[in-house]
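> Residue numbers (the numbering used here), protein chains in the order written: chain P, 1 to 113; chain U, 1 to 111.
From the three backbone atoms N, C-alpha and C, an ideal C-beta is built for every residue, glycine too.
(1) In this structure, what does DSSP give as the bridge partners for residue 1 of chain P?
(2) For the pair the segment 31-46 of chain P and the segment 80-98 of chain P, tell me if three or more CB-CB distances fall below 8 Å.
(3) State the CB to CB distance for the pair residue 42 of chain P and residue 102 of chain U, rounded to an integer number of angstroms; the pair is presumed to be in contact (CB under 8 Å).
(4) Would you say residue 10 of chain P reaches chain U, if we count a Cβ-Cβ gap shorter than 8 Å as a contact?
(5) Are the beta-carbon atoms of residue 100 of chain P and residue 93 of chain P separated by less than 8 Å?
(6) Determine the extent of the beta strand (DSSP E) in which residue 89 of chain U is found, giving its start and end residues.
(7) At a Cβ threshold of 8 Å, is residue 48 of chain P touching chain U?
(8) Restricting to runs no shorter than 3 residues, where is the beta strand (DSSP E) found entirely within the segment 45-79 of chain P?
(9) Using the Cβ count rule (16 or more neighbours within 10 Å means buried), how would you classify residue 9 of chain P?
(10) Show which residues of chain P have a CB atom less than 9 Å away from the CB atom of residue 95 of chain U.
(11) Quick one: what's got a C-beta closer than 8 Å to residue 71 of chain U's C-beta in the same chain, skipping five residues either side?
(12) Following the continuous beta strand (DSSP E) through residue 5 of chain U, name the residue where it begins and the one where it ends.
(13) At the 8 Å Cβ level, is residue 43 of chain P part of the contact set with chain U, yes or no?
(14) List, in chain order, every chain U residue whose beta-carbon is nearer than 7 Å to that of residue 74 of chain P.
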């Protein structure tokens, strides 16, 4: 199993540009999450999904959008990038019920200039 | 919502010594307390977790204790090794979608 994979690893965006961060998991987990990690801070939940077609906001959703058309994929869309979105983004997944262990991808480092 | 505080932010120990990281949480309803280890350039990885019906859990050199009354829990690493050097995060949650993380502790184990 590859676990949770994320692309790209690094990206530099100009202010106002848009991009999609990709996330795929091969563990057949129903729950998937997007977090951002700022320097010296813990992870903050942006959006989560409890299954295909179902998404909901987390603690810091402004400026982001998500979709979940399949169990495996959970892309995060940034529209009109702003410097405040410079961060490391982690995708994670877990089994249903719980709470249980969350499995994290390797992260995407995004810089907005 | 839940608020998790973690101390210290940095910790340096000699190889073979013990390391202790402490966290407090605010929501008495939280019932799941995981600890994650994050190595440079990687995503966090679970190293141990504890649920509110248990006071202590141990896995080889790693142990976690939970005091529900005081709303704090701690990670204990004994006989530290250089490969234990990493950033450690505590977290608290009631459900899968409300996990709150501490700010992290950077542990350095000096050979």
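Well, looking at it:
(1) For residue 1 of chain P, which the question treats as bridged, DSSP gives no partner whatsoever.
(2) yes
(3) 5 Å
(4) no
(5) no
(6) 86-92
(7) yes
(8) 54-57, 64-66 and 76-78
(9) exposed
(10) 98 and 99
(11) 24, 25, 26 and 28
(12) 4-7
(13) yes
(14) Within 7 Å Cβ-Cβ: nothing; residue 74 of chain P doesn't reach chain U, min ~13 Å.
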